[in-house]
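J.: Before I ask anything, let me first share the structure, which is written out below as structure tokens.
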Amino acid sequence: MQVLVTGGLGYIGSHTSVLLLEKGYDVVIVDDLSNSNEKVLKNIFKITNKTPAFEKIDLKERESVSKLFKNYNFDGIIHFAAHKSVNESILYPKKYFQNNIGSLENIIDEIKLLKNPINFIFSSSCTVYGQADSMPINETFKLKKAESPYGQSKRKCEEILESVIESGHCFKNITLRYFNPVGAHPTSIIGELPTGVPENLVPYITQTAIGKRDFLTVFGNDYNTKDGTCIRDYIHIMDLAEVHISCLEKLTDVNDDNYFKVYNVGSGKGTSVLELISLFENVNQLKLNYKIGKRRNGDVIVAYADSTKIKDELNWSTKYSLENALETAWKWELNLKTNEQRNQN
Ligand code: UFG
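The sequence shown begins at 5 in the numbering used here and counts up by one.
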């Protein structure tokens, strides 16, 4: 089975590509390298002993997408490729709408030309729920206005997919609303590779612990939560990667040509920022330099998932602990440093 993985050199894409290759799928990675590195291909090879096909393509370019679909016969598509910085999206909303929505539209145009319904998995985000009224969040919750153009672009993509399928164009879609992915591959050969200053908590923590950043700022400790800091649902990247395999298997089995499902993907547990820091310190036996700062604009206070639907319907459940995620995230950061030093010598 040939699977197109767009954004396959990114954080979630690379971990998923590794699992796909290990399961025997024929993987074609498309990435424009705007927020990733071609070296990840070599790292994927180091783990799997297989080299996926790689095409450096900007999916906003209609012609390139058309050529891609002429050159391959995809049975499945996992569409990760998107810009994902909340802050950047506030500064450059047009960039986010054009890229995230434009790329999906180009792929859909090609899907419409295919003879057989294709299996399509779309990466969405829990950001589409905004600040939900109660916890845990399930898929029936009303979607609220997204806090950022990034979030709005994800919501728009979900709407486009639903309406294309409703209008009778044959393809089978699962849309996944990810909560907060953390951790790295057990080999420490691939992991999260933020460009510039990280926006997300765990890479900021590991970069502080290794000395690349002086201290971590905890964005607010005066929220109405158990310790005053925000609560999130952190899911191990390996568990998240595994979900995509379960989805592909499900889509292959279903006969409904206009299949459309939305699932939350989270651990179901809420962890505060201070709890996460303390867990990171305990697991890795170190002290983190952090300060309490002001609230960050646009942060929801609490978000954690009810993942019962995906557990029941796809028989998927989490296997890895948050402790393991924080241990592997740290090992990955250490490994990056070793490699940087080796390259300097
Ligand atoms: N945080 C800090 N200090 C930091 C970074 C983060 O205190 O330096 C806090 C945030 O305020 C938040 C928590 O850590 O309370 C998690 O923040 P992240 O940036 O890691 O994650 P978010 O939940 O804000 O963002 C994630 C994804 C986004 C997505 C969003 C949806 O990274 O892509 O969930 O809610 F839009």
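Heads up, the beta-carbon is just placed ideally off N, CA and C, and yes, glycines get one too. Predicted, not measured: the structure shown is a model, and the values here were computed from it.
Sorted by chain position, which residues of the same chain lie with C-beta nearer than 7 Å to E402's C-beta, five sequence neighbours on each side aside?
T.: Given that the chain is displayed from residue 5 to residue 349, the structure contains no residue 402 and the question cannot be resolved.
J.: Could you tell me if the beta carbon of F223 falls within a distance shorter than 7 Å of some heavy atom in the ligand UFG?
T.: Along the sequence shown, one-based indexing puts residue 223 at 219. Flag set: Cβ of F223 near the ligand UFG.
J.: Taking the beta strand (DSSP E) that S157 belongs to, which residues open and close that run?
T.: The sequence position of residue 157 within the sequence shown is 153, counting from 1. First-last for S157: P153 to E170, but that is the alpha helix (DSSP H), not the beta strand (DSSP E).
J.: Using CA atoms only, rank isn't needed, just tell me which of Q156, K119 and G28 is closest to S93.
T.: Within the sequence shown, numbered from 1, the residue matching residue 93 stands at position 89. Nearest of Q156, K119 and G28 to S93, Cα basis: Q156.
J.: State the Cα-Cα distance for the pair K99 and I111, rounded to the nearest angstrom.
T.: Mapped onto the sequence shown, residue 99 falls at position 95. Mapped onto the sequence shown, residue 111 falls at position 107. Using only the alpha carbons, I get a separation of about 18 Å.
J.: Quick check on R300: does DSSP put it in helix, strand or coil?
T.: On the sequence shown, residue 300 is found 296 positions in, with the first residue counted as 1. Looking at R300 - three-state DSSP - the assignment turns out to be coil, as it is neither helix nor strand.
J.: Tell me the residue span of the beta strand (DSSP E) that contains R181.
T.: As a working note, residue 181 is residue 177 in the sequence shown. Start and end: F175 to Y182.
J.: Measuring only from the beta carbon, is C174 closer than 7 Å to any heavy atom that is part of the ligand UFG?
T.: For this step, residue 174 is matched to residue 170 along the sequence shown. For the ligand UFG, not one heavy atom lies less than 7 Å from the Cβ of C174.
J.: Please list, in chain order, all residues of the same chain as L244 whose beta carbon is under 7 Å from its beta carbon, the five residues on each side excluded.
T.: As a first step, residue 244 must be located in the sequence shown, where it is residue number 240. Only I16, Y182, P185 and V269 meet the Cβ criterion.
J.: Look at the alpha carbon of K64 and the alpha carbon of N91, and state the distance between them as a whole number of angstroms.
T.: Here the question's residue 64 lines up with position 60 in the sequence shown. Here the question's residue 91 lines up with position 87 in the sequence shown. Those two C-alpha atoms are separated by around 21 Å.
J.: Please report how far the alpha carbon of Y280 lies from the alpha carbon of N39, in whole angstroms.
T.: As a first step, residue 280 is located in the sequence shown; it is residue number 276 there, counting from the start. As a first step, residue 39 is located in the sequence shown; it is residue number 35 there, counting from the start. Going by the sequence as given, residue 280 is Leu instead of Tyr. Cα to Cα, L280 sits roughly 26 Å from N39.
J.: How many angstroms separate the CA atom of S171 from the CA atom of Y263?
T.: Here the question's residue 171 lines up with position 167 in the sequence shown. Here the question's residue 263 lines up with position 259 in the sequence shown. Those two C-alpha atoms are separated by around 12 Å.
J.: Run through DSSP, which three-state label would P7 get?
T.: As a first step, residue 7 must be located in the sequence shown, where it is residue number 3. In the sequence on display, residue 7 carries Val and not Pro. V7 falls in the strand class under three-state DSSP.
J.: Measuring straight from C-alpha to C-alpha, what distance separates P140 and S282?
T.: Locating residue 140 in the sequence shown gives position 136, counting from the first residue. Locating residue 282 in the sequence shown gives position 278, counting from the first residue. Roughly 23 Å separates the two Cα atoms.
J.: Are the beta-carbon atoms of D316 and C234 separated by less than 8 Å?
T.: Residue 316 sits at position 312 when you count from the first residue of the sequence shown. Residue 234 sits at position 230 when you count from the first residue of the sequence shown. For D316 and C234, no; Cβs fall outside 8 Å.
J.: Does the Cβ of L205 lie closer than 7 Å to at least one heavy atom of the ligand UFG?
T.: Stepping through the sequence shown from its first residue, residue 205 is reached at position 201. Flag set: Cβ of L205 near the ligand UFG.
J.: Check whether the Cβ of L220 sits closer than 7 Å to any heavy atom of the ligand UFG, and report yes or no.
T.: Counting from 1 along the sequence shown, the entry for residue 220 is found at position 216. Result yes, Cβ under 7 Å from the ligand UFG.
J.: Is the beta carbon of L222 less than 8 Å from the beta carbon of V287?
T.: Within the sequence shown, the letter at position 218 stands for residue 222. Within the sequence shown, the letter at position 283 stands for residue 287. Sequence inspection shows Val at residue 222; the Leu mentioned does not correspond to that position. Result no, Cβ atoms of V222 and V287 do not sit closer than 8 Å.
J.: In the DSSP assignment, find the unbroken beta strand (DSSP E) run with I214 in it and report its ends.
T.: Locating residue 214 in the sequence shown gives position 210, where the first residue counts as 1. Neither: I214 is in no beta strand (DSSP E) and is coded neither H nor E.
J.: Report the rounded CA-to-CA distance for Y208 versus H189, giving the unit in angstroms.
T.: For the purposes of this step, residue 208 is taken as residue 204 along the sequence shown, with counting starting at 1. For the purposes of this step, residue 189 is taken as residue 185 along the sequence shown, with counting starting at 1. Their backbone Cα atoms lie some 18 Å apart in a straight line.
J.: Which stretch, first to last residue, makes up the beta strand (DSSP E) that contains V34?
T.: If you number the sequence shown from 1, residue 34 lands on position 30. Here the beta strand (DSSP E) through V34 covers D30 to D35.
J.: For E162, count neighbouring Cβ atoms within 10 angstroms of its own Cβ and tell me buried if that reaches 16, exposed if not.
T.: Walking along the sequence shown from the start, residue 162 turns up at place 158. That one is buried.
J.: So the beta strand (DSSP E) L292 belongs to, where does it begin and stop?
T.: The residue given as residue 292 occupies position 288 in the sequence shown. Run containing L292: none; DSSP gives neither H nor E here.
J.: Could you tell me the alpha carbon to alpha carbon distance between G232 and F58, rounded to whole angstroms?
T.: Reading the sequence shown from its first residue, position 228 is the one you call residue 232. Reading the sequence shown from its first residue, position 54 is the one you call residue 58. Each residue's Cα considered, the two are about 46 Å apart.
J.: Unbroken alpha helix (DSSP H) runs of length 4 or more, entirely within the region 49 to 132: which are they?
T.: As far as the region 49 to 132 is concerned, its whole alpha helix (DSSP H) runs of at least 4 residues are 66 to 75, 90 to 95, 97 to 100 and 106 to 115.
J.: Between the C-alpha atoms of V258 and K176, what's the straight-line distance to the nearest angstrom?
T.: As a first step, residue 258 is located in the sequence shown; it is residue number 254 there, counting from the start. As a first step, residue 176 is located in the sequence shown; it is residue number 172 there, counting from the start. Computed Cα separation, rounded: 8 Å.
J.: For V186, which beta-bridge partners are listed by DSSP?
T.: Translated into positions along the sequence shown, residue 186 becomes position 182. Beta-bridge pairing links V186 to H240.
J.: Could you tell me if T212 is buried or exposed, where buried requires 16 or more neighbouring beta carbons within 10 angstroms of its beta carbon?
T.: If you number the sequence shown from 1, residue 212 lands on position 208. By the neighbour-count rule (16 or more Cβ atoms within 10 Å), T212 is buried.
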